[in-house]
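What follows is one structure encoded as structure tokens, with my remarks underneath.
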Amino acid sequence: MAKSAEKFFDELNAKCQNHIAVKGHPFLRKFGEGKVSPAGIKKFAEQYYLFSRWFTRYLAAVVANTPYENARRPLVQNLWEEIGLEENESSHPNLFRRFVRAAGVDMSKLEEADALPCTRVFIDEYLFICKDGHFLESMGALGPGTEAVVPYFYRPIWEGLKKSGKFTKDDIFFFEAHIELDVEHGKNIQNAIMPYATDDASQKMIADGAKKILDIRTVLWDGLEKACCT
């Protein structure tokens, strides 16, 4: 007999929170301890931007991939909060670009920047799961595997940026905002798919999506540790 949806998500969230990509990865530990140099922070900003600029496309892919209106609703809300209005300086893309510029990246050349292999793998695999996976797998990747755990791996990045002494509060507000906001996003996605997490097969698809995305995020952190911390 399948676990209740509530018990399933309690156990899945605990597993996700303790995944190496979320808790204990050397890259996150070094970042939080302020051991990433200005050059390393600049490289991180560049590479993470190459991923981050695609995030609304991942959301849109899952919206298109989800057959039930109630399950799509929090994704549409999330999509609007992520992209907002282009002229709005507080839209999430503009907040992240503010950090990237403060890190010393030339935005005029960034679109032509080469993605590291770890970044390219992460971008491609993330899009594949969101676009071509079963909607429960996609929602597992986006919800428990991403939004619900963002606060845990953004916090050491935010703390390390503060310790560097090179950024204003506004420069790194993107990370502070997501530490708070993505708790709500994660809960909303979980609530949206809870009615469909009632049998073993469905629960497995959700858990598989979360694990796949966390495993490839580990690949990203591995590569960024080598590129930014040496």
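Heads up: the sequence shown begins at 0 in numbering that gives the first Met the number 0, then just goes up one per residue. Note that beta-carbon positions come from the ideal geometry of N, C-alpha and C, so glycine has one too.
So residue i packs on residue j, CB below 8 angstroms; how close in whole Å?
| i | j | result |
| --- | --- | --- |
| Asn64 | Ser137 | 5 angstroms |
| Cys15 | Gly144 | 6 angstroms |
| Ala206 | Leu11 | 6 angstroms |
| Ala101 | Asp170 | 4 angstroms |
| Trp220 | Ala20 | 6 angstroms |
| Ile192 | Gly142 | 7 angstroms |
If I measure Cβ to Cβ from residue i and keep anything under 8 angstroms in the same chain, skipping five residues before and after, which residues do I get?
| i | result |
| --- | --- |
| Phe173 | His91, Leu94, Phe95, Arg97 and Phe98 |
| Ala176 | His91 and Leu94 |
| Leu126 | Trp53, Arg56, Tyr57 and Ala60 |
| Pro150 | His177, Ile178, Glu179, Asp181 and Val182 |
Given residue i, which residues of its chain have a CB within under 6 angstroms of its CB, disregarding the five upstream and five downstream residues?
| i | result |
| --- | --- |
| Glu224 | Pro25 and Phe26 |
| Gly222 | Leu115 and Cys117 |
| Glu110 | none |
| His133 | Met204 |
| Glu45 | Val104 and Ala112 |
| Tyr153 | Phe174, His177 and Ile178 |
| Val120 | Val218 |
Can you tell me whether residue i is buried or exposed, with buried defined as 16 or more other CB within 10 angstroms of its CB?
| i | result |
| --- | --- |
| Tyr67 | exposed |
| Glu5 | exposed |
| Met204 | buried |
| Gln202 | buried |
| Lys108 | exposed |
| Gly164 | exposed |
| Ala147 | buried |
| Lys168 | exposed |
| Pro194 | exposed |
| Ala196 | buried |
| Ala13 | exposed |
| Gly23 | exposed |
| Ala200 | exposed |
Apart from the five residues just before and just after residue i, which ones in its own chain have a Cβ nearer than 7 angstroms to its Cβ?
| i | result |
| --- | --- |
| Ile128 | Glu136, Ser137, Ala140, Gly208, Lys211 and Ile212 |
| Lys162 | Gly33 |
| Thr55 | Leu78, Glu81 and Ile82 |
| Val75 | Val62 |
| Phe30 | Pro155, Ile156 and Gly159 |
| Ser51 | Phe95 |
| Gly39 | Cys227 and Cys228 |
| Met106 | Arg96, Val99 and Arg100 |
Of all the alpha helix (DSSP H) runs that stay within the bounds of the segment 52-127, which reach a length of 4 or more residues? 54-64, 68-82, 91-101 and 106-109
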